[in-house]
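K.L.:
In my numbering, the protein residues as written are 248 to 631.
Every residue gets a Cβ at the ideal spot worked out from N, C-alpha and C, and that includes glycine.
On a predicted model such as this, the values are computed, not experimentally measured, just so you know.
1) Is residue 394 helix, strand or coil when you go by DSSP?
2) Does the distance from the C-beta atom of residue 286 to that of residue 313 stay below 8 angstroms?
3) Taking Cβ positions, are residue 320 and residue 275 nearer each other than 8 angstroms?
4) What does the Cβ neighbour count give for residue 614, buried or exposed, with the cut at 16 atoms within 10 Å?
5) Spatial neighbours of residue 534 within its chain, please: CB distance less than 7 angstroms, with the 5 preceding and 5 following residues excluded, ordered by chain position.
6) So, are the CB atoms of residue 610 and residue 591 less than 8 angstroms apart?
7) Please classify residue 331: is it buried, with 16 or more other beta-carbons within 10 angstroms of its beta-carbon, or exposed?
8) Taking 8 angstroms as the cut-off, does the region 259-266 touch the region 341-350 (at least 3 CB pairs, one atom from each stretch)?
9) Under 6 angstroms Cβ to Cβ from residue 631, same chain only, skipping five residues before and after it: list those, please.
10) Please confirm if the region 443-455 is in contact with the region 493-505, defined as three or more CB-CB distances below 8 angstroms between the two stretches.
11) Kindly identify the DSSP beta-bridge partner or partners of residue 262.
12) What separation, rounded to the nearest whole angstrom, lies between the Cα atoms of residue 502 and residue 516?
13) Can you list, in chain order, the stretches of the alpha helix (DSSP H) that have 4 or more residues and sit fully within the region 395-460?
14) Who are residue 517's beta bridge partners in DSSP?
15) I'd like to check one pair, residue 524 with residue 562: are the Cβ atoms closer than 8 angstroms?
16) So, using beta-carbon positions, are residue 492 and residue 471 closer together than 8 angstroms?
17) Cβ atoms of residue 323 and residue 309: under 8 angstroms apart, would you say?
18) When you compare each of 436, 382, 364 to residue 475 by their alpha carbons, which one comes out closest?
19) Distance, Cα to Cα, residue 354 vs residue 346?
20) Which full runs of the alpha helix (DSSP H) of 4+ residues lie inside the region 362-395, going along the chain?
21) Is the CB-CB distance between residue 558 and residue 500 below 8 angstroms?
22) Can we count residue 377 as close to the ligand NAD, meaning its CB is less than 7 angstroms from some heavy atom?
23) Per the DSSP calculation, residue 493 is bridged to which residue(s)?
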């Protein structure tokens, strides 16, 4: 049946939903790339909360979604930006998420890496307090048995006075890390509080400091995750990495070309867009495993328009579109988010996200997705 979807100007356009999904089934582990999906959390829709209350999480649905990702061969990047760290999910909830997901990963045989930050600090902090906060979270992740991802810290960005402070804090953490970690450079388009990270708003100078951190402890750095939405900068950076240090692309605008790579190398992946794209992304990587770059690009290139839509400015609200698509796909029974973030995007934004995802065949049950989209339209006053 025809859906009438609103555009940004309030006009309705007719759209005919597809009737069959893509045939996407679990498969063998990847051989050519290491791929993580940063996974969202499912809110408890029946909890009596407000946007500034501690997060109420539906643990069964949240862990079921991680099993879904593992079943397709993807690793899970846990308690990251996609899980609403600092945007609805505080440290207490993140710590429980890390412990539960790490235990689930052991049971399912899935790969997991977890975010280590400083978000338990709720006010101004000095460098000693920042370092102690990082240490507390690193201990939780290591005790869970998961790999650590050292995330960018709002508190460090506020406290640091120059590159030397970043070198000191990260150097201390890397020296004490039990296993090699992933370093995460999250750009200000994802979090404005991270402007000037690594001690400078000049990205060339910031890159030099970032590389200095890695060069001082290459044995403690498994890889870097770069989320700057600048493909050429990522390529230039990965070519300067010490041997054995991986680049995990976090570029949700250019991921097909960065993962495919060139004659001088390629990026692995740690991406929020692989939350809704999981099965399709997994199929594409298995094609790449055979050496077929063109086949890989043929599968993944058409997804970029959806990704760019979800991650459009203000980019930090991409989580809303990710959870919206999880609801339409049947991974959760409701469209509710911790912190009330389901209100962060407009109906025209949702309508376009539905259309793009449906066109790609991402919904396992297109009829259910259509019915849920129709219900949302009705809730907003679109009754035809």
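P.N.:
Let me lay it out:
1) Sequence index remark: in the chain shown, residue 394 carries index 147 (1-based). DSSP places residue 394 in strand when its eight states are reduced to three.
2) Taking the first residue of the chain shown as position 1, residue 286 is located at position 39. Taking the first residue of the chain shown as position 1, residue 313 is located at position 66. For residue 286 and residue 313, yes; Cβs fall inside 8 angstroms.
3) Numbered from its first residue, the chain shown carries residue 320 at position 73. Numbered from its first residue, the chain shown carries residue 275 at position 28. Yes, these two residues count as a Cβ contact at 8 angstroms.
4) The residue you call residue 614 lines up with position 367 of the chain shown. With fewer than 16 other Cβ atoms within 10 Å, it is exposed.
5) As a working note, residue 534 is residue 287 in the chain shown. So the qualifying residues of the chain are 542, 543, 546.
6) Taking the first residue of the chain shown as position 1, residue 610 is located at position 363. Taking the first residue of the chain shown as position 1, residue 591 is located at position 344. Between residue 610 and residue 591, the CB-CB gap reaches or exceeds 8 angstroms.
7) In the chain shown, the residue the question calls residue 331 occupies position 84. Per the 10 Å Cβ criterion, buried.
8) With a cut-off of 8 angstroms, the region 259-266 and the region 341-350 do not count as touching, because too few Cβ pairs lie within range.
9) Position 384 of the chain shown, counted from the first residue, corresponds to residue 631. Contacts found: 251.
10) A contact between stretches requires three or more CB pairs, one per stretch, nearer than 8 angstroms, and the region 443-455 fails this requirement with the region 493-505.
11) Translated into the one-based positions of the chain shown, residue 262 becomes position 15. The partner list for residue 262 (beta bridge, DSSP) reads 250.
12) Within the chain shown, the letter at position 255 stands for residue 502. Within the chain shown, the letter at position 269 stands for residue 516. Between residue 502 and residue 516, the C-alpha separation is close to 8 angstroms.
13) As far as the region 395-460 is concerned, its whole alpha helix (DSSP H) runs of at least 4 residues are 401-406, 410-423.
14) Numbered from 1 along the chain shown, position 270 holds the residue referred to as residue 517. Paired residues: 283.
15) Within the chain shown, numbered from 1, the residue matching residue 562 stands at position 315. Within the chain shown, numbered from 1, the residue matching residue 524 stands at position 277. The answer is no: Cβ separation not under 8 angstroms.
16) Position 245 of the chain shown holds residue 492. Position 224 of the chain shown holds residue 471. Yes.
17) For the purposes of this step, residue 309 is identified with residue 62 of the chain shown, where counting begins at 1. For the purposes of this step, residue 323 is identified with residue 76 of the chain shown, where counting begins at 1. By the CB criterion at 8 angstroms, residue 309 and residue 323 fall outside the cutoff.
18) Position 228 of the chain shown, counted from the first residue, corresponds to residue 475. Taking each of 436, 382, 364 in turn and checking the Cα distance to residue 475, the smallest one comes out for 436.
19) Taking the chain shown and counting its residues from 1, the one referred to as residue 354 is at position 107. Taking the chain shown and counting its residues from 1, the one referred to as residue 346 is at position 99. Here the alpha carbon of residue 354 sits roughly 13 angstroms from the alpha carbon of residue 346.
20) Within the region 362-395, the runs of alpha helix (DSSP H) that reach at least 4 residues and sit entirely inside it are, in chain order, 374-391.
21) Residue mapping note: residue 558 aligns to position 311 of the chain shown, counting from 1. Residue mapping note: residue 500 aligns to position 253 of the chain shown, counting from 1. Yes, Cβ-Cβ distance for residue 558 and residue 500 is below 8 angstroms.
22) By its list of ligands, the structure shown contains no ligand whatsoever, and the ligand NAD lies outside what it can speak to.
23) As a position in the chain shown, residue 493 is number 246, starting the count at 1. Bridge partners of residue 493: 470.
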